[in-house]
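Student: Next up is a structure, given as structure tokens.
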RNA sequence: GGCGGGGUCGCCAAGUGGUAAGGCACGGCUCUGCAAAAGCUGCAUCGUCGGUUCGAUUCCGACCCUCGCCUCCA
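In my numbering, the protein residues as written are 1380 to 1861.
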């Protein structure tokens, strides 16, 4: 079996085969954030999904070269820079740091490369020059440089690979028409935007005068600079398919840098949106939660990650706080099983180091087999969770019946750790018990030992008021946060 | 208006031409001093109407509802 993934280019599920099987790594690009504000969890759904795919590829034995751009020059950023009086680097640096911190909170592996658009101005200019030399880019009256879709098509290239849009049937919004007068054609898009007074100090010298990069060119420049002119995987949110990715293909393939027969990107993968109350989560609607918002409400990053990974990436997913509560409950059941297994395994588990890469079939656990089967199927996480929760039930039942010794428990634990290399939930953070709670626990244990149940129950009530519940077991009592 | 997704148990969410995974919630039982946790167990005929078929939730058609893209956007 091999990994099968939906490819937006062909609108079907296809087996993932590296473009260059002999190459040492798989080229993996995911459109990153525009750093003008904190990202919301809708944005992070895509990044968590990208992380899952990366982890799974690595689990499957591929070496992944993961690139995520940081777009640090753009209209909203320029407005904010002007408004705050900060320099571009100061302003975008803050949100870049916040973004990376949030990525860490959600247990996403750090991309190997995090190129910033402003560090790639020479490459961007070079790309535009190539397009200009091939007659595909043209300079408009306002000094900006545009991409000509007609010229591009005249070169035998296809515009409209990711979406089917009939230009004549499109809705003409004010914004589109208002934007069009400098362009030869409505659908053309800016490669280089001439400096205007509102840009303040944000501009670069170029063969076309002072200005800044257009909307989509930075991704073409950075992805090709780092991964080459043809690479394996390009991901992003579904809203980026058009126009961003379509234009990216046009700019990249318009340069003619690819080997004959090689596409710019072999496999395009798009993640569906997160909804809130049935509507797309977005900055403009104001219906968004940032990772920080949820942390402030007492949720953990891994709980958010779990929720974001609970639905298939190509289905829209409705985010609710109730859903997050349910995710927390489910995750704590998993945590409890893993914790008990760890306890049972004792020192037998200590030497285990989870490893990536394919396990020999003989040593593959049934959990791992089920996970692989599920994820090979276009990353069917629902199926994967079903297997994981079946495993949780088996684990609890086996633990309760005393069926396993330490070594058997360690085996099961090892299986889980391998699977968690992909899911990325990690271990539950160690709980800090306040001294008061521990004192009350002792008091209750003493009362219980003396069979003074009235006192024991009263103390349990006190603990409950403090937000702790008590779980009695054969081996003793433990505290658990309510 | 054009294009593309969805409508499966109270909620979330897989899936299949032969009567439907998993999670959360809920009920019963076991365990427990009582609980909690855990286990066992119960709980859906798949938007509507037609059609194809021995048989459709799964295929086709129509309709209703809903979300997204077409404009910066994960």
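Ideal placement from N, C-alpha and C gives every residue a C-beta, glycine not left out.
Could you name the residues that DSSP lists as bridge partners for residue 1449?
Tutor: As a working note, residue 1449 is residue 70 in the first chain. Listed as beta-bridge partners of residue 1449 by DSSP are 1495.
Student: Am I right that residue 1518 and residue 1594 are in contact with their C-beta atoms under 8 Å? What's the rounded C-beta distance?
Tutor: Walking along the first chain from the start, residue 1518 turns up at place 139. Walking along the first chain from the start, residue 1594 turns up at place 215. About 17 Å separates the two Cβ atoms, so there is no contact after all.
Student: Work out the CA separation of residue 1707 and residue 1813 for me, nearest whole Å.
Tutor: For this step, residue 1813 is matched to residue 434 along the first chain. For this step, residue 1707 is matched to residue 328 along the first chain. About 22 Å.
Student: Specify, as a first and last residue, the run of the alpha helix (DSSP H) that residue 1469 falls within.
Tutor: Here the question's residue 1469 lines up with position 90 in the first chain. Note, residue 1469: alpha helix (DSSP H), 1467-1484.
Student: For residue 1808, count neighbouring Cβ atoms within 10 angstroms of its own Cβ and tell me buried if that reaches 16, exposed if not.
Tutor: Here residue 1808 corresponds to residue number 429 of the first chain, with the count starting at 1. Answer is exposed; the Cβ neighbour count stays below 16.
Student: Taking buried to mean at least 16 other C-beta atoms within 10 Å of its own C-beta, is residue 1418 buried or exposed?
Tutor: The residue labelled residue 1418 in the question sits at position 39 within the first chain. Buried, by the Cβ-count rule.
Student: Classify residue 1860: buried if its beta carbon has 16 or more other beta carbons within 10 angstroms, exposed otherwise.
Tutor: For this step, residue 1860 is matched to residue 481 along the first chain. Classification of residue 1860: exposed, given that the 10 Å Cβ count is below 16.
Student: Along the chain, where does the alpha helix (DSSP H) that runs through residue 1531 open and close?
Tutor: Counting from 1 along the first chain, the entry for residue 1531 is found at position 152. Element bounds for residue 1531: 1528-1533.
Student: Out of 1828, 1835, 1433 and 1852, state which residue places its alpha-carbon closest to the alpha-carbon of residue 1612.
Tutor: Within the first chain, the letter at position 233 stands for residue 1612. The option with the nearest alpha carbon to residue 1612 is 1433.
Student: Is residue 1555 helix, strand or coil when you go by DSSP?
Tutor: On the first chain, residue 1555 is found 176 positions in, with the first residue counted as 1. Reliability of the predicted coordinates at residue 1555 is poor, the pLDDT of 46 falling under 50, and the value obtained from them is presented with this limitation in mind. Of the three classes helix, strand and coil, the one that applies to residue 1555 here is helix, per DSSP.
Student: What would DSSP say about residue 1856, mapped onto helix, strand or coil?
Tutor: Numbered from 1 along the first chain, position 477 holds the residue referred to as residue 1856. Correct three-state label for residue 1856: strand.
Student: Taking the DSSP output, what are the residues bridged to residue 1648?
Tutor: Indexing the first chain from 1 puts residue 1648 at position 269. Paired residues: 1614.
Student: Could you tell me the distance, in whole angstroms, from the CA atom of residue 1508 to the CA atom of residue 1582?
Tutor: Here residue 1508 is taken as the residue at index 129 of the first chain, counted from 1. Here residue 1582 is taken as the residue at index 203 of the first chain, counted from 1. Looking at the two C-alpha atoms, the distance is approximately 18 Å.
Student: Would you mind reading off the limits of the alpha helix (DSSP H) that contains residue 1694?
Tutor: In the first chain, the residue the question calls residue 1694 occupies position 315. Residue 1694 -> no alpha helix (DSSP H), and no H or E assigned at all.
Student: Spatial neighbours of residue 1763 within its chain, please: C-beta separation below 7 Å, excluding the five flanking residues on both sides.
Tutor: Within the first chain, numbered from 1, the residue matching residue 1763 stands at position 384. Result list for residue 1763: 1750, 1753 and 1754, in chain order.
Student: Might you give, ordered along the chain, the residues of its own chain that have their beta carbon closer than 8 Å to the beta carbon of residue 1461, omitting 5 neighbours on each side?
Tutor: Start at 1 with the first residue of the first chain, and residue 1461 comes out as number 82. These residues qualify, in order along the chain: 1577 and 1579.
Student: Look up residue 1571 in the DSSP assignment and say whether it is helix, strand or coil.
Tutor: Numbered from its first residue, the first chain carries residue 1571 at position 192. Note: residue 1571 maps to strand in three-state DSSP.
Student: Distance, Cα to Cα, residue 1811 vs residue 1858?
Tutor: The residue given as residue 1811 occupies position 432 in the first chain. The residue given as residue 1858 occupies position 479 in the first chain. About 10 Å.
Student: If distances are taken between C-alpha atoms only, which option among 1487, 1486 and 1479 comes closest to residue 1494?
Tutor: Start at 1 with the first residue of the first chain, and residue 1494 comes out as number 115. Checked all of 1487, 1486 and 1479; the closest Cα to residue 1494 is 1479.
Student: Straight-line CA distance for residue 1803 to residue 1486?
Tutor: Here residue 1803 corresponds to residue number 424 of the first chain, with the count starting at 1. Here residue 1486 corresponds to residue number 107 of the first chain, with the count starting at 1. So the two alpha carbons sit approximately 6 Å from each other.
Student: Counting Cβ pairs closer than 8 Å, one from the segment 1709-1716 and one from the segment 1439-1448, do we hit at least three?
Tutor: no
Student: Would you report the Cα separation of residue 1797 and residue 1614, rounded to the nearest angstrom?
Tutor: Within the first chain, residue 1797 is the residue found at index 418, counting from 1. Within the first chain, residue 1614 is the residue found at index 235, counting from 1. One C-alpha to the other measures close to 25 Å.
Student: Given residue 1844, which residues of its chain have a CB within under 7 Å of its CB, disregarding the five upstream and five downstream residues?
Tutor: Locating residue 1844 in the first chain gives position 465, counting from the first residue. Closer than 7 Å at the Cβ level, and outside the excluded window around residue 1844, lies no residue.
Student: Using CA coordinates, which residue listed in 1849, 1746, 1532 and 1591 is at the minimum distance from residue 1524?
Tutor: Taking the first residue of the first chain as 1, we reach residue 1524 at position 145. Looking at the Cα atoms, 1591 is the closest of the given residues.
Student: Okay, do the segment 1401-1410 and the segment 1598-1612 touch, 3+ Cβ pairs below 8 Å being the bar?
Tutor: yes
Student: If you scan the segment 1756-1819 from start to end, which runs of the beta strand (DSSP E) of 3 or more residues do you find wholly inside it?
Tutor: The segment 1756-1819 contains no whole beta strand (DSSP E) run of 3 or more residues.
Student: What is the DSSP secondary structure of residue 1382, reduced to helix, strand or coil?
Tutor: In the first chain, residue 1382 corresponds to position 3, counting from 1. Note: residue 1382 maps to coil in three-state DSSP.
Student: Report the partner residues of residue 1538 according to the DSSP bridge assignment.
Tutor: Locating residue 1538 in the first chain gives position 159, where the first residue counts as 1. Answer is none; residue 1538 lacks a bridge partner.
Student: Once you ignore the five residues that flank residue 1521 on each side, which residues in its own chain have a CB closer than 8 Å to its CB?
Tutor: Reading the first chain from its first residue, position 142 is the one you call residue 1521. Closer than 8 Å at the Cβ level, and outside the excluded window around residue 1521, lie 1561 and 1573.
Student: How many whole angstroms separate the CB atoms of residue 1786 and residue 1826, which I take to be in contact at a CB cut-off of 8 Å?
Tutor: The residue labelled residue 1786 in the question sits at position 407 within the first chain. The residue labelled residue 1826 in the question sits at position 447 within the first chain. Residue 1786 to residue 1826, Cβ: 38 Å. No contact.
Student: Which same chain residues end up closer than 8 Å to residue 1540 when comparing Cβ atoms and leaving out the 5 residues on each side of it in sequence?
Tutor: For this step, residue 1540 is matched to residue 161 along the first chain. So the list reads 1388, 1625 and 1628, once near-sequence residues are dropped.
Student: Measure the alpha-carbon distance for residue 1452 versus residue 1772 and round it to whole angstroms.
Tutor: Counting from 1 along the first chain, the entry for residue 1452 is found at position 73. Counting from 1 along the first chain, the entry for residue 1772 is found at position 393. Cα to Cα, the separation comes out at about 50 Å.
Student: Rounding to the nearest angstrom, what Cα-Cα distance links residue 1747 and residue 1665 in this structure?
Tutor: By one-based count along the first chain, residue 1747 stands at place 368. By one-based count along the first chain, residue 1665 stands at place 286. About 41 Å.
Student: So residue 1761 packs on residue 1794, CB below 8 Å; how close in whole Å?
Tutor: In the first chain, residue 1761 corresponds to position 382, counting from 1. In the first chain, residue 1794 corresponds to position 415, counting from 1. Actually they do not touch by this definition, with Cβ atoms about 20 Å apart.
Student: Under 8 Å between the Cβ atoms of residue 1428 and residue 1650?
Tutor: Here residue 1428 refers to the residue found at position 49 of the first chain. Here residue 1650 refers to the residue found at position 271 of the first chain. Taking 8 Å as the Cβ cut-off, residue 1428 and residue 1650 qualify as a contacting pair.
Student: Should residue 1819 and residue 1841 be called a contact, given that it needs their Cβ atoms to be closer than 8 Å?
Tutor: Start at 1 with the first residue of the first chain, and residue 1819 comes out as number 440. Start at 1 with the first residue of the first chain, and residue 1841 comes out as number 462. In contact: residue 1819 and residue 1841 (Cβ atoms closer than 8 Å).
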